[in-house]
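Here the protein sequences line up with chains L and U, keeping their order.
The numbering used here numbers the first residue of the first sequence as 1 and each following residue consecutively.
The numbering used here numbers the first residue of the second sequence as 1 and each following residue consecutively.
Note that CB positions come from ideal geometry on N, CA and C, so glycine has one too.
All values reported here derive from a predicted model rather than from experimental measurement.
Written below as structure tokens is the structure these notes are about.
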Amino acid sequence: MVGRIVIGLAITIVCFAVAGRRFFWLSRLIRSGAPAKRPYQGLRKAAEAEVVEVAGQKKLLQWTIPGLAHFFTMWGFTVLLLTIIEAYGALFNQNFAIPFIGHWSAVGFLEDFFSVAVLVSLLVFTGIRIKNAPARKQRQSRFYGSHTGAAWLVLMMIALVIITLLIYRAAQENTGHFPFQGDWWAFASLGVAKVLAPLGTGVNSVIENVALLANIAVITGFLVFVSYSKHLHIFLAPINVGTSRRPRALGGLDKTPDMDMENISEDTVFGVGKIEDFTWKQMLDFSTCTECGRCQSVCPAWTTDKPLSPKLLIMGLRDNMFASADRLLSKDSGEAAEAETLVPTVIDPDVLWSCTTCGSCVEQCPVDIEHVDAIVDMRRYEVLMESRFPQEANLFLRNIENQGDPWGLGGAKRLEWTEALDFDVPVVTSSIPDGVEYLYWVGCAGALDDRGKKQAQATARMLHRAGVTFAVLGPKESCTGDPARRFGNEYLFQEVAKANIETLKEVGAVKIVATCPHCFNTIKNEYPALGGEFEVIHHAELLAHLVNNGKLVPGGGYSGTVTYHDPCYLGRHNRVFDEPRDVIDAIPGAKQVEMGRCREKGFCCGAGGARMWMEENIGKRVNMDRTDEALGTGADIVSTACPFCMIMLDDAVQASGKGDEVRVMDISQLVEESLLSGSAPSSAPANASDDA
Amino acid sequence: MNVVVCVKQIPDPAAPQSLEPGTHTLDRSGKLILDDSDAYGVEMALQLAEQAGGGDVTLVSMAPNGETSGLRTALAMGAASAVLVSDDALKGADALTTAKVLAAAIKKSNPDLILTATESSDGYTGTVPVQIAELLGLPSITFAKSVVIEGGNVKVQRQTESGYDDVVAPLPLLVTVTAGVVEPRYPSFKGIMAAKSKPVETVTASDLGIATGAAGQEITSVVDAEARAAGEIVVDDGDGAQRIVAFLEELKLV
């Protein structure tokens, strides 16, 4: 008895000391990060996230089977904390039971149920790991690049925790020390007890002692292992979830640094050049990653054979953080100055520039890591501080700077698209005329690109037809700065953004409708940080509203199959999923088919994150991958609601040689087509006849 | 090694342009930007100065209304300082007057090398650079697609219609560079910050001792260019490639 106490406590003290030392070190390391200057999101949102994402495992359950297995393992660990109390109690008193509830059948049942559930889950995990073994499936495996050895060890240790638990409980039953003596609600323990009973009380007594100590050893050993491995998420995930951006790290970028020349010096560093430039929250992100690879499996860069994997990026940053720990903790500025920048050694430039900022990784991550912000932070440093980036991007940056649009066509051409309209669009010169409801933010693509112009024209015609009044800025409009910002050129972004905000305020803009999801997202989510607060909606939302209210009634001129492609910045980043689908549904002859990757899981077209303006020389083209999927649905029309998606998808459809069979159209063009050859239903508004 | 780069600040080529009614010269009263074709000279100068182990890159420009926004772009790329000649009396100056003004301004820095573009993207006379060289009594090499300094000499690959000539000349001299001689850098934020405080010396024609009399040339009239005739549209009936080759042969291009 005394031996059992001494051994048990010795193991515990040693393991707690080692793990405690490690956790103290980790906490110092993470807290050495830069301050995270984000507005406090409030306890309520954090609590909600803990309930939904940690307790409810919502993001994990997006994938049903691994999600369920994880659900039971996570809850197993929580419920089995009771057995840890029981184990330590039993060290001192063989007849120990938890006060008050210790003999309840329900407790015994829960403990046994979760023991078995965890074992079953472990079998599922084993199956998943064998099925997706990176050794065989290479890059196709979401575990490619993860520490699979450590993962197997984790599975084994969890299994040992449960096995030793069930064995000592069974032996306790046979020696009469079990808190749920003879209670068949503790079904698993009693089941194993039946097997062990023939060995006799003496042997069972030995088994009880050995298995109990083994159980304590495995648990405390596991604690040490966790503190040194990717399995840290057990403790860090709830903290990371509680401190992450809410509702999610999508939409606008996290940081808007003050770039006012008055407030900065030549020593000011923008973006992240070295690991210490990341905030403590980002360092917590790196430490929390559990290498599950869900992000990797949905990344448009990785799945088209590019070197960027969000998982490997985060792992690389974590490894660098640990390797730089002495420097980070000493806070020696001289040492920091001499340290190498993350790019190009730790993060390869091809990795950094492959990101389309589509946000799939952020959407998937069960522990709420904010990958996109980290990538843009590093891009900012590369562009602003080092002027080190793919050279072909020079052109679009200069064009935005000098001509106000990435194509470099200039403001003078921004009204040409209106020439094809058979009604006048008011052009705002001083202020928005009375009686005009919306300012139509056409966007560079809508005003200047041939395919974009058709989209803008169709949108304008449909709004006009529904009686919506709108005006445009024409030459006064300029790029919102989205591509410059996502490319990392925060300075250029803020220059154009401030100018645009000034223009919008000057003309008295209140309600803005945009056809480009990038413009929409930037004005809606990013201009407020620079003092521009406007009510912004996307034309998909406005069209849906008009269709639902009967102000715009699609006709019978189209019949066929349509598949809708979610633009990342409309769907995932801004949660507009239903509206465009509602519009298509309102067209009597249109049958919708969904692609496998749709809505929250929509796959990028390849144009986001300023990728539109860069060469794509590595791997399969993202737009071809997406278009292959769209063509696979057998749809006649690939519909979308973003001019950049239209350009990317249309190019890919043409390149696939299907240009004669399949058309790429904006939802506004689709509505317009339905009205062309067919007769509009009688409920159409009075001004419907001036179209067609 | 000290290098002077002549840079022109021009009206935004993408914005609608207009001519002054009396003089038929380009209206330069709006915002001016750095002529894209001058970015190559600035980059080349920065690289040559760096390879030579130091030395300053000085910009020389002539523009109305004390305009410096284009100069700031070039300073942000890394040039050390600028001399701006801004004088109402120089409004509508012809190529020779411009060359005299620039030559006088360049002389002040006594450079080892002068770089310019082959021509500006607004006036397109293409005559100022060699006039400057002549006025300074220096040799000049035009249309450089590569510039290398070796000892006291400049080795230039001079673009020709059929290829390029290797030309060597001793310093100091003037070289005009083509687009493509080097890829201009995009200014870093550090560069943009630093550019705000770099010295820009603004001088007038009389400061340089240039008499601003009547121009030696004037534009008497301007006529619209003839509209281009529509091209021939060929529909590919499977023989597209052969017909393109035949067309190119006709032009003696292949």
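Item, Value
"Residues, ordered as in the chain, of the segment 406-430 of chain L that lie near chain U by beta-carbon distance below 9 Å", "Gly408, Leu409, Gly410, Gly411, Ala412, Lys413"
"Test: U:Phe247 CB closer than 7 Å to a CB of chain L", "no"
"Collapsed DSSP secondary structure at U:Cys6 in the structure displayed", "strand"
"Contacting positions in the segment 15-39 of chain U - beta carbon closer than 7 Å to chain L", "Ala15, Pro16, Ile33"
"Backbone secondary structure at L:Phe92 - three-state DSSP", "helix"
"Runs of alpha helix (DSSP H) lying entirely within the segment 348-436 of chain L, each at least 4 residues, in chain order", "349-353, 360-364, 371-380, 393-403"
"Delimiting residues of the beta strand (DSSP E) encompassing U:Arg158", "153-159"
"Neighbourhood of L:Trp302 by C-beta distance below 8 Å, restricted to the same chain and skipping five residues each side", "Arg139, Gln296, Leu308, Ser309, Pro310"
"Cα-Cα separation between L:Leu342 and L:Pro39, rounded to whole angstroms", "28 Å"
"For U:Leu59, the residue or residues it bridges with in DSSP", "U:Val5, U:Ala82"
"Backbone CA spacing between U:Ala76 and U:Tyr40 [nearest angstrom]", "14 Å"
"Beta-carbon gap between L:Val536 and L:Phe520 smaller than 7 Å", "yes"
"U:Glu50 - partner residues in DSSP beta bridges", "Per DSSP, none; premise fails for U:Glu50."
"C-beta neighbour in chain L for U:Ser146, strict 7 Å", "no"
"is_contact[U:Glu183, chain L] using C-beta, thresh 7 Å", "yes"
"Contact set between U:Pro187 and chain L, taken where Cβ atoms lie within less than 9 Å", "Ser387"
"U:Ala95 versus U:Leu135: straight-line alpha-carbon distance, rounded", "13 Å"
"Option in L:His70, L:Ser141, L:Gly89, L:Asp112 with minimal Cα separation from L:Ala170", "L:Asp112"
"Beta-carbon neighbours of L:Gln403, restricted to chain U and to distances below 9 Å", "Asp12, Pro13, Ala14, Ala15"
"L:Asp690 classed as buried or exposed, judged by whether at least 16 other C-beta atoms fall within 10 angstroms", "Confidence in L:Asp690 is poor, its pLDDT being 42 and thus under 50, which makes the residue's placement too unreliable to answer from."
"Sequence-distant residues of its chain with Cβ nearer than 8 Å to U:Ile141 (five each side left out)", "Val154, Val156, Arg158, Val167, Ala169, Leu173, Leu174, Val175, Thr176"
"Chain-ordered residues of the segment 189-201 of chain U with a beta carbon less than 8 Å from chain L", "Phe189, Lys190, Gly191, Ile192, Met193, Ala194, Lys196"
"Cβ pair count under 8 Å reaching 3, the segment 580-594 of chain L against the segment 543-562 of chain L", "yes"
"According to DSSP, residues forming a beta bridge with L:Trp441", "L:Ala514"
"Rounded straight-line distance, which links the Cα of L:Val161 to that of L:Leu213", "11 Å"
"Of the listed residues U:Ser109, U:Asp207, U:His24, U:Ile33, nearest to U:Pro13 (C-alpha basis)", "U:Ile33"
"The segment 415-425 of chain L touching the segment 448-464 of chain L, judged by at least three CB pairs closer than 8 Å", "yes"
"Within chain U, the residues that L:Gln391 reaches when beta carbons sit closer than 8 Å", "Glu183"
"Within-7 Å CB hit, L:Tyr491 to chain U", "yes"
"Contact list for the segment 528-558 of chain L against chain U, Cβ threshold 9 Å", "none"
"Residue-level contact to chain U via CB, L:Asn687, 7 Å cutoff", "Confidence at L:Asn687 is low in this model, with a pLDDT of 46, below 50, so its placement is unreliable and no value can be given for it."
"Anticipated Cβ contact below 8 Å, U:Val42 with U:Val85, distance rounded", "Not a contact, Cβ separation roughly 18 Å."
"Contacting positions in the segment 255-268 of chain L - beta carbon closer than 9 Å to chain U", "Met259, Met261, Ile264, Ser265, Glu266, Thr268"
"Continuous beta strand (DSSP E) stretch holding L:His233: start and end", "Run containing L:His233: none in the beta strand (DSSP E); it sits in the alpha helix (DSSP H), 233-243."
"Within chain U, partners of L:Asn394 - CB distance below 8 Å", "Glu183, Pro184, Tyr186"
"The segment 176-194 of chain L contacting the segment 89-103 of chain L, beta-carbon criterion three pairs below 8 Å", "yes"
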